[in-house]
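Each step along the sequence shown adds one to the number in our numbering, with nothing skipped, and position 31 is 32. Quick reminder that beta carbons are idealized off the backbone N, C-alpha and C, glycines included. Only a predicted model underlies this, so the values are computations on that prediction, with no experimental measurement involved. Reviewing the structure listed below.
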Amino acid sequence: MKRTRLWILAVAALAVSLAGCASDAELKERAKGHLRIGTAHIQAGQYAPALKELMEAEKLTPDDPAVHYNMGIAYERRGFADEAVREFQKAIALKADYAEAHNYLGTIWLSRGLYDEAIASFTRALANPLYETPSVPLYNMGRAYVAKGDLRGAYASFNEAIRKEPNTHLLPILELNLGVIDYRQGAYLQAERHLQKSVERAPNLAEAHYWLGMTQMQLRKRKEAAESFRKVIQLAPDSEWGAKSRENLSRL
């Protein structure tokens with residue numbers, strides 16, 4: 002009789018345990034559903050509904066770094082930078098090598114003028130060997146170095162971004178930045194090569210055409226410079242680059 006009672010208790014305990022496991026699995030599945038809907042709202046630019054879904058996911062799985070990362074994105078895009086920082090830091094506390102969270106946190110430091118903190122965050126993002134888009138934090142790091150006035154550091158970062166990810170979608174911007182730095186340092190032939198690559202990859206990038214025209218002026222290529230400035234005026238007639246291009250055309 003005693004053995005029977007013990008066996009029944011053991012079976013009951015196992016049943017409770019299995020029920021708990023099923024409940025945990027169900028909670029995680031529900032949380033994933035809220036996370037999927039939340040990220041879809043973010044992609045659609047609907048940040049308030051995204052936050053509502055992500056908060057529901059957080060209630061179910063508070064230790065999921067992806068939930069906090071996406072909450073950080075939604076907060077940042079709604080203009081709540083402090084809340085975004087808090088969520089990115091939570092994501093990183095839960096997953097130390099969360100490259101995307103480090104990168105996004107770095108962009109907030111960059112926007113606040115905290116350049117050294119930004120560079121440190123981008124460096125941490127790059128420490129993850131599995132990060133598939135290293136050109137992104139490298140580009141952001143270059144921007145931070147430019148803001149600091151460290152053109153050598155910026156140039157190295159932009160170059161490294163191209164070396165690590167030759168087909169990155171950022172290639173036209175990276176080549177533009179390299180060209181502008183070369184121009185400012187008087188390396189006009191090298192600047193022209195970078196800027197030509199930029200406009201080849203992004204024919205509608207008015208700023209690249211402008212700097213190409215400026216470089217061609219320095220190289221005394223008046224005809225090519227005029228063509229570049231006319232292209233800027235065609236692409237962006239009401240922009241700062243368009244106004245400057247009209248001024249330069251009048252001098253040629």
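Review point. Do I109 and A92 have their C-beta atoms closer together than 8 Å?
Key: Taking the sequence shown and counting its residues from 1, the one referred to as residue 109 is at position 108. Taking the sequence shown and counting its residues from 1, the one referred to as residue 92 is at position 91. No, Cβ-Cβ distance for I109 and A92 is not below 8 Å.
Review point. Measuring CB to CB, does N71 end up less than 8 Å from D98?
Key: Taking the sequence shown and counting its residues from 1, one reaches residue 71 at position 70. Taking the sequence shown and counting its residues from 1, one reaches residue 98 at position 97. Cβ distance not < 8 Å, so N71 and D98 don't count as in contact.
Check your understanding: So, is P138 buried or exposed, given that buried needs 16 or more other C-beta atoms within 10 angstroms?
Key -> For the purposes of this step, residue 138 is taken as the residue at position 137 of the sequence shown. With 16 or more Cβ atoms within 10 Å of its Cβ, P138 is classed as buried.
Review point. Around the Cβ of E77, are there at least 16 other Cβ atoms within 10 angstroms (buried) or fewer (exposed)?
Key: Here residue 77 refers to the residue found at position 76 of the sequence shown. E77 should be labelled buried.
Check your understanding: Straight-line CA distance for N160 to L28?
Key -> Locating residue 160 in the sequence shown gives position 159, where the first residue counts as 1. Locating residue 28 in the sequence shown gives position 27, where the first residue counts as 1. Whole-angstrom Cα-Cα distance: 46 Å.
Review point. What did DSSP end up calling R223 once you bin it into helix, strand or coil?
Key: Here the question's residue 223 lines up with position 222 in the sequence shown. Reduced to three states, the DSSP call for R223 is helix.
Exercise for review: Just tell me which of I74, G114, P167 and A203 has its CA closest to the CA of H103.
Suggested key: Counting from one through the sequence shown, the residue named residue 103 turns up at place 102. For H103, the closest C-alpha among the options I74, G114, P167 and A203 is that of I74.
Check your understanding: Taking buried to mean at least 16 other C-beta atoms within 10 Å of its own C-beta, is S24 buried or exposed?
Key -> Mapped onto the sequence shown, residue 24 falls at position 23. Label assigned to S24: exposed.
Point to revise | Proximal residues to V200 (C-beta, below 7 Å), its chain only, five neighbours per side dropped | key: Taking the first residue of the sequence shown as 1, we reach residue 200 at position 199. Exclusion of the five residues before and after V200 leaves L206, A209, H210 and L213 as the residues of its chain whose Cβ lies within less than 7 Å of its Cβ.
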